[in-house]
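Those letters in the sequence shown? Residues 35 to 111, by the working numbering.
Even for Gly, the Cβ is constructed at its ideal location relative to N, Cα and C.
Remember, it's a predicted structure, so these values are computed and weren't measured experimentally.
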Amino acid sequence: MENHLTERREEAGLSQGDLAEAVDVTRQTINAIERERYDPSLELAFKLAAFFECHIEELFEPNIDLDLVSNSDLKTE
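Printed below as a string of structure tokens:
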């Protein structure tokens, strides 16, 4: 999943350790998310969005191959 966590963190003048402490995870977790080696849990994604006072979609962009999604998956009622 692509993310904008590094940009947001750096704009806020925070180290990975500072952000990790603020959302109660390890620095290694923040590093793995930033390097797109780990997708955060929904709970952690919401914590990060709340910390940066933004919508979750502003931080994370799922990699969806629309060619693999069938038309029935896209129907809305």
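Discussion item. I'd like to confirm the pairing. Which residues does DSSP put opposite asparagine 37 in its beta bridges?
Written reply: Along the sequence shown, one-based indexing puts residue 37 at 3. In DSSP, asparagine 37 forms a bridge with Phe94.
Discussion item. For glutamate 95 and glutamate 36, which I take to be in contact (beta-carbon distance under 8 Å), what is that distance rounded to the nearest angstrom?
Written reply: Within the sequence shown, the letter at position 61 stands for residue 95. Within the sequence shown, the letter at position 2 stands for residue 36. Right, their Cβ atoms sit about 4 Å apart.
Worksheet item: From leucine 78 to valine 57, what distance separates their C-alpha atoms?
Response: The residue you call residue 78 lines up with position 44 of the sequence shown. The residue you call residue 57 lines up with position 23 of the sequence shown. Leucine 78 and valine 57: Cα-Cα distance of roughly 8 Å.
Worksheet item: Taking Cβ positions, are alanine 54 and arginine 43 nearer each other than 7 Å?
Response: By 1-based counting over the sequence shown, the position of residue 54 is 20. By 1-based counting over the sequence shown, the position of residue 43 is 9. Taking 7 Å as the Cβ cut-off, alanine 54 and arginine 43 do not qualify as a contacting pair.
Discussion item. Considering only their Cβ atoms, is the gap separating glutamine 50 from isoleucine 67 smaller than 7 Å?
Written reply: Residue 67 sits at position 33 when you count from the first residue of the sequence shown. Residue 50 sits at position 16 when you count from the first residue of the sequence shown. No.
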